[in-house]
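K.L.:
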Amino acid sequence: MGIRRGTLRRQEELLAYLFMCPAVLVVVGVVLFPVVYNIWISFYDVTLANLTKGAPFVGFKNYLKVIRDQDFLPSLLITAGYSVAAGMVSVLVGLAAALLLNVRLPFRNLFRASFLFPYVAPLISVVYIWKWILDPQAGVANWFLMKAGLIPAPMDWLTDGRTALLAVILFQGWRYFPFAMLLILARLQAIPRDLHEAAAVDGASRFQQFLNITLPELRYVLGVVFLLRFVWTFNKFDDVFLLTSGAGNTKVLPILTYRYAVGTGQLGVGAACAMFLFVVLVVFILVYHLRVLKWEK
Amino acid sequence: MGKVGRRIFVAAGLLAFLFAVLFPLYWMAISSTKTFKELFATTPVFWPSEFTAKAYKAVLSSPSKDIPDLLDALRNSLIVSGATVFLSLVLGTLAGYAIARLRFRGKAFLTALVLIVYLFPAILLMIPLFAMLAMIRLHDSLTGLVAAYVAQTLPVSLLMLGNYFRSIPADIEEAALVDGCSRLGVIRRVTIPLSIPAIASVGLYVFVIAWNEFLFAYVLLTDVKKFTAPVWISYLHSQLHTPWNQVMAASVIVTVPVIILFVWFEKYMEQGLTAGGVKG
Numbered sequence: 008m009g010i011r012r013g014t015l016r017r018q019e020e021l022l023a024y025l026f027m028c029p030a031v032l033v034v035v036g037v038v039l040f041p042v043v044y045n046i047w048i049s050f051y052d053v054t055l056a057n058l059t060k061g062a063p064f065v066g067f068k069n070y071l072k073v074i075r076d077q078d079f080l081p082s083l084l085i086t087a088g089y090s091v092a093a094g095m096v097s098v099l100v101g102l103a104a105a106l107l108l109n110v111r112l113p114f115r116n117l118f119r120a121s122f123l124f125p126y127v128a129p130l131i132s133v134v135y136i137w138k139w140i141l142d143p144q145a146g147v148a149n150w151f152l153m154k155a156g157l158i159p160a161p162m163d164w165l166t167d168g169r170t171a172l173l174a175v176i177l178f179q180g181w182r183y184f185p186f187a188m189l190l191i192l193a194r195l196q197a198i199p200r201d202l203h204e205a206a207a208v209d210g211a212s213r214f215q216q217f218l219n220i221t222l223p224e225l226r227y228v229l230g231v232v233f234l235l236r237f238v239w240t241f242n243k244f245d246d247v248f249l250l251t252s253g254a255g256n257t258k259v260l261p262i263l264t265y266r267y268a269v270g271t272g273q274l275g276v277g278a279a280c281a282m283f284l285f286v287v288l289v290v291f292i293l294v295y296h297l298r299v300l301k302w303e304k
Numbered sequence: 011m012g013k014v015g016r017r018i019f020v021a022a023g024l025l026a027f028l029f030a031v032l033f034p035l036y037w038m039a040i041s042s043t044k045t046f047k048e049l050f051a052t053t054p055v056f057w058p059s060e061f062t063a064k065a066y067k068a069v070l071s072s073p074s075k076d077i078p079d080l081l082d083a084l085r086n087s088l089i090v091s092g093a094t095v096f097l098s099l100v101l102g103t104l105a106g107y108a109i110a111r112l113r114f115r116g117k118a119f120l121t122a123l124v125l126i127v128y129l130f131p132a133i134l135l136m137i138p139l140f141a142m143l144a145m146i147r148l149h150d151s152l153t154g155l156v157a158a159y160v161a162q163t164l165p166v167s168l169l170m171l172g173n174y175f176r177s178i179p180a181d182i183e184e185a186a187l188v189d190g191c192s193r194l195g196v197i198r199r200v201t202i203p204l205s206i207p208a209i210a211s212v213g214l215y216v217f218v219i220a221w222n223e224f225l226f227a228y229v230l231l232t233d234v235k236k237f238t239a240p241v242w243i244s245y246l247h248s249q250l251h252t253p254w255n256q257v258m259a260a261s262v263i264v265t266v267p268v269i270i271l272f273v274w275f276e277k278y279m280e281q282g283l284t285a286g287g288v289k290g
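Taken in order, these protein sequences are the chains called A and B.
First residue of the first sequence? That's 8 in the working numbering, and the numbers climb one at a time after it.
First residue of the second sequence? That's 11 in the working numbering, and the numbers climb one at a time after it.
Pasting the structure below:
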């Protein structure tokens, strides 16, 4: 019996490895190996021309090239700043939407479902809708703002250095607030009703209840949603690329990486730039995790 | 603020949100049906005096066989998304089942190995993936794209399916095992039929991710005939004088399937949104 159980156990284990194998192979082949390979590329002078012929080793030259590029430091600061701003806008707009939806109202589910549209529609469609709305010649936004007397003449929102970054941030607030909304709403609905009832009996106003009951209950979910949005915005390439392609002070690090690699064909320099991006991000996540999210432990 | 005042405030807030979300959608649809004159009118036309399907005809039928139209791109998108859903579900089911039900050494390690995909952003993988696929001459192929998408969606498939399998009472499976069913037989006849809701959620979610994806498709594909729909639209937009009615018509066409999936399967879709996050 003991021997039989042993072989059964071994059979189960064998089956488990067999089941895990395809998934692990795909992840190693298409994610983990490429990550290691990226480190390798960053130390070699890889270009589109010598890709298959063996590129020369250059040590830290690619990294120095990135640091010495006059675009790099501004780009790093812009990326960090706009990621914080876009993360905060998504969280705050998502919080507002969640609070509005937490009230008992007719058609509440219909409202909630419609609010998901910006987040689930294909990026390509929503980017071009906004580009068309903000178009400097025939855009409806300029017409409306001029009609309202807010601007004297049509503006080119997505290439003007004063407005392009703001436009990108607002676009991301618009596109990603539903993600924050869903998570915050789920947490809101888990707050026990009697907490509010007891506070109301004690004479607390709605606003006091929000400050002293709702907000503390939401603190953790707000912190997590902001972290996720920050990280995803920091890495974001396609939104910015499609909206502005880096014009008007929106040359964020992912755009810089793309320009080195695809624009000039210097894959090695691009790989080094991507390494900077990744390391900054990992350091930020560690610090944030230790400093901001520690309260829950 | 009284009760009535509060209600008005909430209603006004909701309507403002509704306008911000739906006006762009309306503007896309209406712009795609306008005549050129009304499209570029100095005073925007909010309701066209005549509707035309010209833009739709233009994007759906190419003048020559060598220039692919949106239909060709949609076919590519459908192939890539379909293959991604199939592979992600098969691999996710196998691995998810192993993690939920089987005992084996190194389980925590292997699970972490799959979930670690979350840590690495697409922009970091872009260059090495392009270089690797170029070496084996797969960079300009839909196959390479599917491989990238399967890897990106595996953690979500594995997590959601694994969690669901765990919620199925083990007794049901054990009864079938005692009756002489093999493990694979149990998975096929018991576990999968009981998990249809979870499989539908994951499948829809993965489909939408693959259908919407732009970065990998844009970087990896160079042959116009292989473009997926989003890359095809960006190509249309990049013309010297952007034909905005056509760009809007093409946008409507790629957006409609996603909206239909959402309206029909809202409950299933929302699970995917909160469980996985689109990682983007």
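Where a beta carbon is used, it is the ideal one built from N, C-alpha and C, also for glycine.
According to the Cβ coordinates, are A/L55 and A/G272 closer than 7 angstroms?
P.N.:
Closer than 7 angstroms, so yes.
K.L.:
Do B/P54 and A/V147 have their C-beta atoms closer together than 7 angstroms?
P.N.:
Closer than 7 angstroms, so yes.
K.L.:
Given that a residue counts as buried once 16 or more other Cβ atoms are within 10 Å of its Cβ, and exposed if not, what is B/K75?
P.N.:
The residue is exposed, with fewer than 16 neighbouring Cβ atoms inside 10 Å.
K.L.:
Does any residue of chain B have a CB that is nearer than 7 angstroms to the CB of A/V127?
P.N.:
Answer yes: the Cβ-Cβ gap between A/V127 and chain B drops below 7 angstroms somewhere.
K.L.:
When DSSP labels each residue in this structure, what does B/F119 get in the three-state scheme?
P.N.:
B/F119 falls in the helix class under three-state DSSP.
K.L.:
Could you say which of B/P73, B/I270, B/K236, B/L143 lies nearest to B/N86 if we only look at CA atoms?
P.N.:
For the residues B/P73, B/I270, B/K236, B/L143, the minimum Cα distance to B/N86 belongs to B/K236.
K.L.:
Should A/S212 be counted as a contact of the ligand PLP given a C-beta to heavy atom distance under 6 angstroms?
P.N.:
Here there are no bound small molecules, and the ligand PLP is not part of this structure.
K.L.:
According to DSSP, is B/F224 helix, strand or coil?
P.N.:
Note: B/F224 maps to coil in three-state DSSP.
K.L.:
Three-state secondary structure (DSSP) at A/Q144?
P.N.:
DSSP places A/Q144 in coil when its eight states are reduced to three.
K.L.:
Quick check: B/S261 and A/S252, are their CB atoms within less than 7 angstroms of each other?
P.N.:
Contact flag unset, no.
K.L.:
Taking Cβ positions only, does B/N86 come closer than 7 angstroms to chain A?
P.N.:
It does not; no Cβ of chain A falls within 7 angstroms.
K.L.:
Among A/V96, A/S82, A/L106, which has the Cα closest to the Cα of A/F237?
P.N.:
Minimum Cα distance to A/F237 is reached at A/V96.
K.L.:
Taking the alpha-carbon positions, what's the A/H296 to A/V231 distance?
P.N.:
Taking the straight line from one Cα to the other gives about 9 angstroms.
K.L.:
In chain A, which residues lie less than 7 angstroms from B/M142 when you measure between Cβ atoms?
P.N.:
Here the neighbours are P41, Y44.
K.L.:
Skipping 5 residues on each side, what residues in its chain have a beta carbon closer than 8 angstroms to that of B/A65?
P.N.:
The answer, listed in chain order, is S42, T43, P253, N255, Q256, M258, A259.
K.L.:
Looking at B/V3: is its Cβ nearer than 7 angstroms to the Cβ of B/V216?
P.N.:
Because chain B in this structure spans residues 11 to 290, residue 3 of chain B falls outside the shown range and cannot be described.
K.L.:
Would a check of beta-carbon distances place A/I191 closer than 7 angstroms to chain E?
P.N.:
As a matter of chain content, chain E is missing from the structure shown, whose protein chains are A and B.
K.L.:
Within 8 angstroms, do at least three Cβ pairs link the segment 25 to 39 of chain B to the segment 108 to 126 of chain A?
P.N.:
Short answer: they touch.
K.L.:
Report the residue from A/F26, A/N219, A/L195, A/R194 whose alpha carbon sits nearest the alpha carbon of A/A206.
P.N.:
Nearest of A/F26, A/N219, A/L195, A/R194 to A/A206, Cα basis: A/N219.
K.L.:
Report yes or no: is there a C-beta of chain B within less than 7 angstroms of the C-beta of A/I198?
P.N.:
Not an interface residue.
K.L.:
What span of residues does the alpha helix (DSSP H) with B/M142 cover, start to end?
P.N.:
Start and end: 132 to 145.
K.L.:
Between the segment 165 to 184 of chain A and the segment 242 to 257 of chain A, do at least 3 Cβ pairs fall closer than 8 angstroms?
P.N.:
Segments in contact, yes.
K.L.:
Could you tell me which residues DSSP pairs with A/T54 in its beta bridges?
P.N.:
Paired residues: A/Q273.
K.L.:
Using alpha carbons as the reference points, say which of B/G92, B/R113, B/L97 lies closest to A/Q18.
P.N.:
It is B/R113.
K.L.:
Is A/V91 closer than 7 angstroms to A/G180 when the C-beta atoms are compared?
P.N.:
Cβ atoms of A/G180 and A/V91: not closer than 7 angstroms.
K.L.:
For the segment 224 to 247 of chain B, list every residue whose C-beta sits within 8 angstroms of some C-beta in chain A, in sequence order.
P.N.:
Within the segment 224 to 247 of chain B, the residues whose Cβ lies closer than 8 angstroms to some Cβ of chain A are F224, L225, Y228, V229, A239, P240, I243, S244, H247, listed in chain order.
K.L.:
Leaving out the 5 sequence neighbours to the left and right, which residues in its chain are closer than 8 angstroms to B/G195 when beta-carbon positions are compared?
P.N.:
Closer than 8 angstroms at the Cβ level, and outside the excluded window around B/G195, lie A186.
K.L.:
Would you call B/Y36 buried or exposed, if buried means 16 or more other Cβ atoms sit within 10 Å of its Cβ?
P.N.:
Its Cβ having fewer than 16 others within 10 Å, B/Y36 is exposed.
K.L.:
Quick test of your reading: B/S98 and B/S167, contact by CB under 8 angstroms. State the CB separation rounded to the nearest angstrom.
P.N.:
Rounded, the Cβ-Cβ distance is 5 angstroms, consistent with contact.
K.L.:
Against B/G23, what residues of chain A qualify as contacts under a CB-to-CB distance less than 8 angstroms, listed in chain order?
P.N.:
Under the 8 angstroms cutoff, chain A gives A103, L107.
K.L.:
Under a Cβ-count criterion, where at least 16 other Cβ atoms within 10 Å of its own Cβ denotes burial, should B/L134 be classed as buried or exposed?
P.N.:
Buried, by the Cβ-count rule.
K.L.:
Tell me whether the segment 218 to 226 of chain B and the segment 238 to 251 of chain A touch, counting them as touching only if at least three CB pairs, one residue from each stretch, are closer than 8 angstroms.
P.N.:
Cβ pair count under 8 angstroms is three or more, so yes.
K.L.:
Classify A/F241 as helix, strand or coil using the three-state DSSP reduction.
P.N.:
The answer is helix: DSSP assigns A/F241 an H, G or I state.
K.L.:
Whose C-alpha, out of B/P138, B/D79, B/I206, B/V268, is nearest the C-alpha of A/A268?
P.N.:
Selected option, being the one with the closest Cα: B/P138.
K.L.:
Straight-line CA distance for A/V38 to A/V73?
P.N.:
Taking the straight line joining both Cα atoms gives about 24 angstroms.
K.L.:
What are the residues that DSSP puts in a beta bridge with B/F56?
P.N.:
In DSSP, B/F56 forms no bridge with anything.
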